[in-house]
Amino acid sequence: MRLLVTGGAGFIGSNFVHQSVREHPDVRVTVLDLLTYAGDRRSLEPVADDVELVEGDVADAALVDALVARSDVVVHFAAESHNDNSLAEPWPFVRTNLVGTYTLLEAVRRHGVRYHHISTDEVYGDLELDDPARFDESTPYNPSSPYSSTKAGSDLLVRAWARSFGVRATISNCSNNYGPYQHVEKFIPRQITQLVDGARPKVYGTGANVRDWIHVEDHNSAVWRILEDGAPGRTYLVGADGEADNLTVVRTLLEIFGRPADDIEFVAERPGHDLRYAIDPTLLRTELGWRPRYTDFRSGLESTVAWYVDNEAWWRPAKAATEERYAQQSR
Ligand code: NAD
Ligand code: TDX
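Once you know that position 186 of the sequence shown is 186 in the UniProt record's numbering, the rest is easy, because the numbers rise by one and skip nothing.
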């Protein structure tokens, strides 16, 4: 099988490529990645001999057409992915997430190629902290930020291309991922690297917001289950029953580093900050028999901390620039 992975030099995409090379040796992987600030060719170093990396844009119709023409399956991870950046400058989100997805859909339509679309639970908006409900496949779309609205729009394009043009497409909407190779702008790596530097974690507002954490390996094993047995036209929600509020996550990290539980800097609230995300992954479990392996969040966090401690050379170059960008955004 010839697999085209967009965004394969980013966090989830690079972990997906590693898993694919490790567990599916019959697959030939090509990565299409623009290597934006969030992409890093070093994330593919462990599999460099097995993977072709094409540096380019998912919104480049000629390039995308040529690559899709020589693929059997496309898995589309490439996106502008960070909410805070989308509040500061929305245009790259519209361009990559909407125009990029459109460009891929037109190419897979022309060449009759199977397509899997990676999306997020943020398309459903947020839940109250005390609401027993979780998101499922029938929850209406209600995105809050420029990031989540462009992801929601891209999902709707996929649904329309599947229905109107018969594109063989599946969609997965996953909850918050953590694990190795995640950019230091994101919550967990930002706090881990603050702690490595002897600085304080930075928590927005009061830290009461809840995210539903899943290890990136579990997200990617779900994507593989969907590629193998998912029904075209269907949407699958991916989650691992990992709800935790931000304060609890930070306190666990402080404990792992042996620092006092109140060693936290509370900073300005994110505008429009979603309160709580929570996924009901029943369909994926019952229909496709998927199960997460990283069910102990604390030990998943410990191994992630160990990865960042052991791989400082990977994240150090981005740390100061990221903190500078945050400082500018708060001015
Ligand atoms: P990331 O920001 O770490 O990686 C994105 C990758 O896409 C980078 O390598 C970047 O260079 C590449 N890219 C950006 N614009 C491009 C373009 N125009 N053309 C080609 N490549 C481009 O993101 P991530 O956290 O790995 O997220 C991957 C996907 O998973 C996204 O679609 C995101 O919406 C989705 N998702 C993420 C999470 C999460 O918790 N991180 C949860 C659910 C869904
Ligand atoms: O420094 C911080 N302090 C803080 O309190 C940062 C960076 C974040 N936060 C909070 C905001 C959120 O409540 O932590 C939570 C997680 O923040 P992010 O890592 O920015 O993730 P989130 O906004 O929840 O979106 C993530 O999950 C869904 C990914 O970035 C998206 O790509 C994915 O779709």
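The C-beta atom is built at its ideal place from N, Cα and C for all residues, glycine as well.
Since residue i sits in a beta bridge, which residues does DSSP pair it with?
| i | result |
| --- | --- |
| F187 | None; F187 has no bridge partner. |
| H76 | T6, H117 |
| E55 | D33 |
| L44 | Its beta-bridge partners do not exist; DSSP assigns none. |
| K202 | E265 |
| E243 | D212 |
| T170 | H116 |
For residue i and residue j, which I take to be in contact (beta-carbon distance under 8 Å), what is that distance rounded to the nearest angstrom?
| i | j | result |
| --- | --- | --- |
| A261 | V238 | Contact flag wrong, Cβ pair sits at about 32 Å. |
| P189 | W91 | Not confirmed; about 25 Å, so no contact. |
| residue 336 | V167 | Because the chain here runs from 1 to 331, residue 336 falls outside it and cannot be looked at. |
| E128 | R276 | 7 Å |
| A79 | K151 | 7 Å |
| G272 | S154 | Actually they do not touch by this definition, with Cβ atoms about 19 Å apart. |
| L35 | R41 | 6 Å |
| H215 | G289 | No, H215 and G289 are not in contact; Cβ-Cβ is about 18 Å, not under 8 Å. |
| R293 | R285 | Between R285 and R293 the Cβ distance is about 13 Å, and since that is not below 8 Å, they are no contact. |
Please state if the CB of residue j and the CB of residue i are separated by a distance shorter than 9 Å.
| i | j | result |
| --- | --- | --- |
| P241 | T295 | This sequence places Asp at residue 241; Pro is not what is there. Going by C-beta atoms, D241 is nearer than 9 Å to T295. |
| L247 | Q191 | no |
| N15 | P281 | no |
| W307 | E23 | no |
| F93 | T6 | no |
| Y147 | S81 | yes |
| R211 | S172 | no |
| T170 | G233 | yes |
| V184 | F257 | no |
| T30 | L67 | yes |
| V113 | S71 | yes |
| W213 | F297 | yes |
| L227 | V73 | yes |
Where residue i and residue j are concerned, what is the direct C-alpha to C-alpha distance, given to the nearest angstrom?
| i | j | result |
| --- | --- | --- |
| M1 | N83 | 34 Å |
| P46 | H18 | 8 Å |
| F266 | L3 | 44 Å |
| A9 | N177 | 16 Å |
| L44 | I12 | 12 Å |
| V58 | A38 | 15 Å |
| D131 | A48 | 46 Å |
| R259 | V51 | 41 Å |
| S149 | L98 | 10 Å |
| R110 | R95 | 21 Å |
| V64 | L104 | 7 Å |
| V123 | A69 | 30 Å |
| D126 | D274 | 5 Å |
| Q194 | T206 | 18 Å |
Listed in chain order, which residues are found with a beta carbon closer than 6 Å to a heavy atom of ligand 2?
S81, H82, N83, T120, E122, N176, K186, F187, R190, K202, V203, Y204, N209, R211, N246, R270
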